[in-house]
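**Student:** Chains as they are written, first to last, in this note's numbering: chain A, 41 to 410; chain B, 41 to 410. Here a beta-carbon is modelled for each residue, glycine too, at the ideal position from N, C-alpha and C.
2 protein chains.
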Amino acid sequence: MEGEPLSVLCTPALVVDLDKVKRNAQRMIERCQKLGVQLRPHMKTHKTLECADIMTGGSRRCIVVSTLAEASFYADHGFDDILYAYSLPFDKVERCAALSERLDLFQVLLDHPDSLEQLRKRPLKDGRQWHVWLKLDCGNGRAGVLHSEPEALQMAEAIAKTEGVELTGVYAHCGNTYNCRGEEQIQAVAQETTSLTLQFMEKLKTAGITCKSSIGSTPSCSHPVKDMTQLSEVHPGNYVFYDVQQSMIGSCSLEDVAVRVLTRVIGHCPHRNQLLIDCGWCGLSLDGAGKLPTGYAVIEGHPNLKLLSMTQEHGRVEPISGPLDYSKYPLGSLLTLIPYHSCATAAMHPVYHVHSEGRLLGKWTPTRGW
Amino acid sequence: MEGEPLSVLCTPALVVDLDKVKRNAQRMIERCQKLGVQLRPHMKTHKTLECADIMTGGSRRCIVVSTLAEASFYADHGFDDILYAYSLPFDKVERCAALSERLDLFQVLLDHPDSLEQLRKRPLKDGRQWHVWLKLDCGNGRAGVLHSEPEALQMAEAIAKTEGVELTGVYAHCGNTYNCRGEEQIQAVAQETTSLTLQFMEKLKTAGITCKSSIGSTPSCSHPVKDMTQLSEVHPGNYVFYDVQQSMIGSCSLEDVAVRVLTRVIGHCPHRNQLLIDCGWCGLSLDGAGKLPTGYAVIEGHPNLKLLSMTQEHGRVEPISGPLDYSKYPLGSLLTLIPYHSCATAAMHPVYHVHSEGRLLGKWTPTRGW
Numbered sequence: 041m042e043g044e045p046l047s048v049l050c051t052p053a054l055v056v057d058l059d060k061v062k063r064n065a066q067r068m069i070e071r072c073q074k075l076g077v078q079l080r081p082h083m084k085t086h087k088t089l090e091c092a093d094i095m096t097g098g099s100r101r102c103i104v105v106s107t108l109a110e111a112s113f114y115a116d117h118g119f120d121d122i123l124y125a126y127s128l129p130f131d132k133v134e135r136c137a138a139l140s141e142r143l144d145l146f147q148v149l150l151d152h153p154d155s156l157e158q159l160r161k162r163p164l165k166d167g168r169q170w171h172v173w174l175k176l177d178c179g180n181g182r183a184g185v186l187h188s189e190p191e192a193l194q195m196a197e198a199i200a201k202t203e204g205v206e207l208t209g210v211y212a213h214c215g216n217t218y219n220c221r222g223e224e225q226i227q228a229v230a231q232e233t234t235s236l237t238l239q240f241m242e243k244l245k246t247a248g249i250t251c252k253s254s255i256g257s258t259p260s261c262s263h264p265v266k267d268m269t270q271l272s273e274v275h276p277g278n279y280v281f282y283d284v285q286q287s288m289i290g291s292c293s294l295e296d297v298a299v300r301v302l303t304r305v306i307g308h309c310p311h312r313n314q315l316l317i318d319c320g321w322c323g324l325s326l327d328g329a330g331k332l333p334t335g336y337a338v339i340e341g342h343p344n345l346k347l348l349s350m351t352q353e354h355g356r357v358e359p360i361s362g363p364l365d366y367s368k369y370p371l372g373s374l375l376t377l378i379p380y381h382s383c384a385t386a387a388m389h390p391v392y393h394v395h396s397e398g399r400l401l402g403k404w405t406p407t408r409g410w
Numbered sequence: 041m042e043g044e045p046l047s048v049l050c051t052p053a054l055v056v057d058l059d060k061v062k063r064n065a066q067r068m069i070e071r072c073q074k075l076g077v078q079l080r081p082h083m084k085t086h087k088t089l090e091c092a093d094i095m096t097g098g099s100r101r102c103i104v105v106s107t108l109a110e111a112s113f114y115a116d117h118g119f120d121d122i123l124y125a126y127s128l129p130f131d132k133v134e135r136c137a138a139l140s141e142r143l144d145l146f147q148v149l150l151d152h153p154d155s156l157e158q159l160r161k162r163p164l165k166d167g168r169q170w171h172v173w174l175k176l177d178c179g180n181g182r183a184g185v186l187h188s189e190p191e192a193l194q195m196a197e198a199i200a201k202t203e204g205v206e207l208t209g210v211y212a213h214c215g216n217t218y219n220c221r222g223e224e225q226i227q228a229v230a231q232e233t234t235s236l237t238l239q240f241m242e243k244l245k246t247a248g249i250t251c252k253s254s255i256g257s258t259p260s261c262s263h264p265v266k267d268m269t270q271l272s273e274v275h276p277g278n279y280v281f282y283d284v285q286q287s288m289i290g291s292c293s294l295e296d297v298a299v300r301v302l303t304r305v306i307g308h309c310p311h312r313n314q315l316l317i318d319c320g321w322c323g324l325s326l327d328g329a330g331k332l333p334t335g336y337a338v339i340e341g342h343p344n345l346k347l348l349s350m351t352q353e354h355g356r357v358e359p360i361s362g363p364l365d366y367s368k369y370p371l372g373s374l375l376t377l378i379p380y381h382s383c384a385t386a387a388m389h390p391v392y393h394v395h396s397e398g399r400l401l402g403k404w405t406p407t408r409g410w
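Below you can see the structure in the form of structure tokens.
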């Protein structure tokens with residue numbers, strides 16, 4: 041279908057605007073170069089080789105992943121310097137060891153003494169070291185040792201002094217930027233996460249320990265603060281696609297969003313003043329419920345339409361006000377959904393259709409599972 | 041891993057209890073035999089060959105699917121008498137025609153004159169007929185012509201008299217049973233859908249038209265009413281797995297639910313009185329938000345635990361009351377989630393692990409896409 045217009049696709053279909061992807065990726069590369077900080081892009085949003093190539097500028101080095109399936113997938117395709125930024129799962133220690141023994145630089149993350157004990161019990165072959173990042177919670181409230189607790193420094197020291205294990209870095213995810221609205225709020229959280237991380241790095245230095253530091257989230261890395269120049273790395277991910285959520289936070293404009301779900305009208309329901317479309321939660325995900333005046337997505341070019349509800353393969357669309365003019369939406373006509381959360385929407389699709397200015401270029405196939 | 045306990049699985053993992061699946065399937069087969077009505081099981085919940093074999097008693101005949109990808113998948117593996125019960129998508133007419141020309145009995149569904157026009161414009165080869173079901177809305181409020189509108193009878197007549205097209209049946213989905221609580225309410229909706237469908241069949245008969253009739257939904261077919269004996273077919277699907285939602289509706293008991301998501305504790309957060317588990321929305325889906333006192337799922341054997349929130353690969357678990365006793369939940373320990381909605385949860389997994397009494401038997405691989 042190369043060269044064909046998007047309208048040849050069977051729907052629902054996830055389409056990726058390659059020009060926007062490249063522009064978003066290039067902007068982040070330049071932003072990090074300007075900051076003088078290493079960009080370690082996160083793969084979790086797209087999980088494809090092609091997009092990873094774009095995000096790494098073709099180097100296939102220095103990435104972060106959220107699942108071990110992603111780590112193995114990228115390792116199998118020549119990627120290296122991979123950080124598996126997920127609190128070490130005990131059922132996957134052996135698979136992590138195999139990757140550590142095979143790659144130049146496979147890195148794991150932990151936030152609990154029991155995890156360190158797991159590594160100690162599984163020394164790597166050929167005198168190799170486990171490369172370990174300490175996960176620090178700087179206010180995000182998900183994984184990590186809370187920065188203010190004495191256990192944080194104790195954990196870092198324990199990692200650093202354990203035989204066969206190297207403290208490679210300190211890693212903080214500022215997912216709390218997702219509660220922000222606008223650049224000012226984003227930068228306040230970015231500043232706080234950076235300051236707390238740098239204060240922790242100072243404590244480490246005092247204890248005679250040096251290692252890398254990394255913070256990340258798409259909002260903070262889209263609007264970095266000056267102090268981030270003192271970090272070693274940043275690790276945003278969603279920025280390559282962006283989405284409606286990121287535009288509401290203020291990370292990007294709606295024009296920067298590189299993904300869409302194409303859907304077609306499959307039903308007219310005049311007795312309910314509704315349309316049916318062929319995109320349900322199997323094509324969009326349920327993420328974004330109650331977050332938008334237009335329902336579960338933005339329907340491009342139709343600001344008066346709302347994606348009210350979804351079942352597995354159906355979406356109910358109604359006007360925000362007034363009666364629907366059905367002649368504008370004949371059965372079979374295309375509508376374009378801008379996803380609320382591109383990570384969640386991409387996760388629902390076994391293949392992405394890539395285009396430039398509406399002409400198809402090919403397909404990207406993501407990896408799945410754990 | 042055959043014969044191994046479930047604990048050898050890497051998590052998150054969707055596990056299917058084969059004994060429960062067989063029991064649920066057998067009960068529905070027997071229920072339909074007793075009613076004297078043809079069972080046409082829906083494949084949308086699991087989308088696997090193995091489960092389709094169980095649901096059809098090995099016949100590989102008489103199934104209903106929600107996507108054309110499912111139709112093709114089953115056709116490629118020797119299934120026939122397939123009903124693609126989805127308002128005819130105009131972008132897929134040619135693929136539907138190919139299946140109609142290849143299978144003994146491939147059936148499509150429509151609810152609009154423009155769809156009939158699509159079929160008329162694409163006559164099938166070798167004198168074959170399009171086999172068409174008319175979708176009737178008997179109060180569910182999704183797809184279909186509303187039973188009370190004159191257009192319903194007009195559509196049926198138009199289908200019946202169109203050259204190259206045969207009116208095979210009338211199809212109603214009583215998804216409105218999902219709002220029920222308890223057998224009495226379920227049966228009231230089942231009765232209403234059945235009555236309205238049978239009244240419509242009478243109108244058809246008066247107009248000189250005979251064809252099949254089918255209603256379905258897991259709640260209504262789990263508690264059928266006597267009048268359903270007058271239908272030709274029923275088409276439930278979720279009953280093979282069931283889920284927490286079905287147990288709340290009253291379709292089944294929680295013991296009948298055949299699927300679980302296994303997850304492990306990956307973090308302790310005493311400062312928030314929370315645990316982290318390695319199952320986020322990528323492993324469970326976001327379906328069920330706000331529907332359960334225990335959050336997004338039921339945590340088996342731990343009635344005081346609540347799956348409070350999820351991000352892509354993390355779940356936050358907290359007690360419903362009191363402080364967490366972390367010694368009960370060491371890092372690496374297994375928890376078992378009973379999904380709110382098995383269709384949504386199964387859709388997140390590239391593979392299902394099948395077991396009998398906790399011993400692994402093998403894997404089932406679902407088809408995906410459209």
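So, does the CB of B/R80 fall closer than 7 Å to a CB anywhere in chain A?
**Tutor:** Translated into the one-based positions of the second sequence, residue 80 of chain B becomes position 40. With 7 Å as the cut-off, B/R80 does not count as an interface residue toward chain A.
**Student:** So A/L193 is in the alpha helix (DSSP H); what residue range does that whole segment cover?
**Tutor:** Taking the first sequence and counting its residues from 1, the one referred to as residue 193 of chain A is at position 153. Here the alpha helix (DSSP H) through A/L193 covers P190 to K201.
**Student:** Along chain A, which residues have their Cβ under 7 Å away from the Cβ of B/D121?
**Tutor:** Sequence index remark: in the second sequence, residue 121 of chain B carries index 81 (1-based). Chain A residues near B/D121: none, gap ~21 Å exceeds 7 Å.
**Student:** Which residues of chain A have a Cβ atom closer than 9 Å to the Cβ of B/C214, listed in chain order?
**Tutor:** Start at 1 with the first residue of the second sequence, and residue 214 of chain B comes out as number 174. None at all; the shortest Cβ gap to chain A is about 13 Å.
**Student:** Check whether chain A comes within 7 Å of B/P379, counting only Cβ atoms and requiring the distance to be less than that.
**Tutor:** Sequence index remark: in the second sequence, residue 379 of chain B carries index 339 (1-based). False, the Cβ-Cβ gap to chain A never drops below 7 Å.
**Student:** How big is the Cα-Cα spacing for A/Q286 and A/D296?
**Tutor:** Taking the first sequence and counting its residues from 1, the one referred to as residue 286 of chain A is at position 246. Taking the first sequence and counting its residues from 1, the one referred to as residue 296 of chain A is at position 256. Looking at the two C-alpha atoms, the distance is approximately 10 Å.
**Student:** Counting only runs that start and end within the stretch 225 to 290 of chain B, where is the beta strand (DSSP E) found for 3 or more residues in a row?
**Tutor:** Listed in chain order, they are 252 to 256.
**Student:** Based on Cα-Cα distance, which residue from B/L371, B/H381 and B/P370 lies nearest to B/Y336?
**Tutor:** Reading the second sequence from its first residue, position 296 is the one you call residue 336 of chain B. Out of B/L371, B/H381 and B/P370, B/H381 has the C-alpha closest to the C-alpha of B/Y336.
**Student:** Between the C-alpha atoms of A/A212 and A/G256, what's the straight-line distance to the nearest angstrom?
**Tutor:** The count along the first sequence starts at 1 and reaches residue 212 of chain A at position 172. The count along the first sequence starts at 1 and reaches residue 256 of chain A at position 216. The alpha-carbon atoms of A/A212 and A/G256 are separated by roughly 7 Å.
**Student:** Output, in sequence order along the chain, the residues in the stretch 144 to 173 of chain A whose CB is closer than 9 Å to any CB in chain B.
**Tutor:** D151, H152, D154, S155 and Q158
**Student:** Report, in whole angstroms, the separation of the C-beta atoms of B/H187 and B/F240, which I expect to be a contact under 8 Å.
**Tutor:** Along the second sequence, read from residue 1 onward, the residue named residue 187 of chain B stands at position 147. Along the second sequence, read from residue 1 onward, the residue named residue 240 of chain B stands at position 200. With 8 Å as the limit, B/H187 and B/F240 qualify as a contact, their Cβ atoms being about 6 Å apart.
**Student:** Between which two residues does the alpha helix (DSSP H) holding A/W321 run?
**Tutor:** Residue numbering aside, residue 321 of chain A sits at position 281 when the first sequence is read from its first letter. First-last of the alpha helix (DSSP H) with A/W321: W321 to L324.
**Student:** A/P45 bridges to which residues according to DSSP?
**Tutor:** Translated into the one-based positions of the first sequence, residue 45 of chain A becomes position 5. The partner list for A/P45 (beta bridge, DSSP) reads A/R399.
**Student:** How many angstroms separate the CA atom of B/V210 from the CA atom of A/H342?
**Tutor:** Translated into the one-based positions of the second sequence, residue 210 of chain B becomes position 170. Translated into the one-based positions of the first sequence, residue 342 of chain A becomes position 302. Cα-Cα distance, rounded: 34 Å.
**Student:** By a C-beta neighbour count over all protein chains shown, 10 Å radius and 16 as the cutoff for buried, is B/K346 buried or exposed?
**Tutor:** Here residue 346 of chain B is taken as the residue at index 306 of the second sequence, counted from 1. Answer is buried; the Cβ neighbour count reaches 16.
**Student:** Below 8 Å on the Cβ atoms is my guess for A/A192 versus A/L207; work out the distance and round it to an integer in Å.
**Tutor:** The residue given as residue 192 of chain A occupies position 152 in the first sequence. The residue given as residue 207 of chain A occupies position 167 in the first sequence. At roughly 12 Å, the Cβ-Cβ gap does not stay under 8 Å, so A/A192 and A/L207 are not in contact.
**Student:** For chain B, check one thing: does any of its Cβ atoms lie closer than 7 Å to the Cβ of A/R182?
**Tutor:** Translated into positions along the first sequence, residue 182 of chain A becomes position 142. The beta carbon of A/R182 sits closer than 7 Å to some beta carbon of chain B.
**Student:** Considering only DSSP beta bridges, list what A/R356 is partnered with.
**Tutor:** In the first sequence, residue 356 of chain A corresponds to position 316, counting from 1. Note: A/R356 sits in a beta bridge opposite A/L316 and A/S349.
**Student:** Any beta carbon of chain B sitting closer than 7 Å to that of A/R100?
**Tutor:** As a working mapping, residue 100 of chain A is identified with position 60 in the first sequence. False, the Cβ-Cβ gap to chain B never drops below 7 Å.
**Student:** Starting from the C-beta of A/I360, find all residues in its chain whose C-beta is less than 6 Å away, skip the five residues before and the five after it, and write them out in chain order.
**Tutor:** As a first step, residue 360 of chain A is located in the first sequence; it is residue number 320 there, counting from the start. For A/I360, where only same-chain residues beyond five positions count, the Cβ hits under 6 Å are N344 and K346.
**Student:** Going by DSSP, what residue range makes up the alpha helix (DSSP H) through A/R182?
**Tutor:** Walking along the first sequence from the start, residue 182 of chain A turns up at place 142. Following the DSSP letters along the chain, one finds A/R182 in no alpha helix (DSSP H), marked with neither H nor E.
**Student:** For the stretch 333 to 356 of chain B, which residues have a CB atom closer than 9 Å to at least one CB atom of chain A, in sequence order?
**Tutor:** T351, Q352, E353, H354 and R356
**Student:** Using the C-alpha atoms, what's the distance from A/A298 back to B/W173?
**Tutor:** Looking up residue 173 of chain B in the second sequence gives position 133. Looking up residue 298 of chain A in the first sequence gives position 258. Approximately 39 Å, taken between the alpha carbons.
**Student:** Which stretch, first to last residue, makes up the alpha helix (DSSP H) that contains A/R304?
**Tutor:** If you number the first sequence from 1, residue 304 of chain A lands on position 264. Taken as a continuous stretch (DSSP letters only), A/R304 belongs to no alpha helix (DSSP H), being part of the beta strand (DSSP E) at V299 to C309.
**Student:** Given a threshold of 16 other Cβ atoms within 10 Å of its Cβ, counted over all protein chains shown, does A/P190 qualify as buried or as exposed?
**Tutor:** The count along the first sequence starts at 1 and reaches residue 190 of chain A at position 150. Looking at its Cβ environment, which holds fewer than 16 other Cβ atoms inside 10 Å, A/P190 is exposed.
**Student:** Take A/E405 as the anchor and find which of A/V104, A/Y114 and A/L377 has the nearest alpha-carbon.
**Tutor:** Taking the first sequence and counting its residues from 1, the one referred to as residue 405 of chain A is at position 365. Glu is not the amino acid found at residue 405 of chain A; the sequence shown has Thr there. Of the candidates A/V104, A/Y114 and A/L377, the one whose C-alpha sits nearest the C-alpha of A/T405 is A/Y114.
**Student:** Using a Cβ cut-off of 7 Å, pull out every chain A residue sitting near B/I306, in sequence order please.
**Tutor:** In the second sequence, the residue the question calls residue 306 of chain B occupies position 266. Within chain A, the residues near B/I306 are S127 and P129.
**Student:** To the nearest angstrom, how far is the alpha carbon of B/C102 from that of B/C72?
**Tutor:** In the second sequence, the residue the question calls residue 102 of chain B occupies position 62. In the second sequence, the residue the question calls residue 72 of chain B occupies position 32. Rounded to whole angstroms, B/C102 to B/C72 spans 13 Å at the Cα level.
**Student:** By Cβ distance below 6 Å, which residues in the same chain neighbour B/L89 in space, the five residues on each side in sequence not counted?
**Tutor:** Working through the second sequence from its first residue, we reach residue 89 of chain B at position 49. Only H117 meet the Cβ criterion.
**Student:** Do B/L375 and B/T303 have their CB atoms nearer than 7 Å?
**Tutor:** Translated into the one-based positions of the second sequence, residue 375 of chain B becomes position 335. Translated into the one-based positions of the second sequence, residue 303 of chain B becomes position 263. Yes, the pair counts as a contact, with Cβ atoms nearer than the cut-off.
**Student:** List in chain order: all unbroken beta strand (DSSP E) runs of 3+ residues lying wholly within the stretch 103 to 188 of chain B.
**Tutor:** If we require 3 residues or more, the beta strand (DSSP E) runs fully inside the stretch 103 to 188 of chain B come out as 120 to 127, 146 to 150 and 170 to 177.
**Student:** Taking the alpha helix (DSSP H) that A/E70 belongs to, which residues open and close that run?
**Tutor:** Position 30 of the first sequence holds residue 70 of chain A. L58 to L75 is the span of the alpha helix (DSSP H), which, as asked, contains A/E70.
**Student:** Note down the Cα distance separating A/L74 from A/C214, rounded to an integer number of angstroms.
**Tutor:** Indexing the first sequence from 1 puts residue 74 of chain A at position 34. Indexing the first sequence from 1 puts residue 214 of chain A at position 174. The identity of residue 74 of chain A in the sequence shown is Lys, whereas the question assumes Leu. For A/K74 and A/C214, the distance between alpha carbons rounds to 21 Å.
**Student:** Can you tell me the Cα-Cα spacing of B/G184 and B/S127, whole angstroms?
**Tutor:** Against the second sequence, residue 184 of chain B aligns to sequence position 144. Against the second sequence, residue 127 of chain B aligns to sequence position 87. Going by the C-alpha atoms only, they are around 8 Å apart.
**Student:** At the level of alpha carbons, what is the spacing between B/R300 and B/C319?
**Tutor:** By one-based count along the second sequence, residue 300 of chain B stands at place 260. By one-based count along the second sequence, residue 319 of chain B stands at place 279. Answer to the nearest angstrom: the Cα atoms are 12 Å apart.
**Student:** Short check: CB of B/T334 to CB of B/E110, under 7 Å?
**Tutor:** Taking the second sequence and counting its residues from 1, the one referred to as residue 334 of chain B is at position 294. Taking the second sequence and counting its residues from 1, the one referred to as residue 110 of chain B is at position 70. No, the pair does not count as a contact, with Cβ atoms beyond the cut-off.
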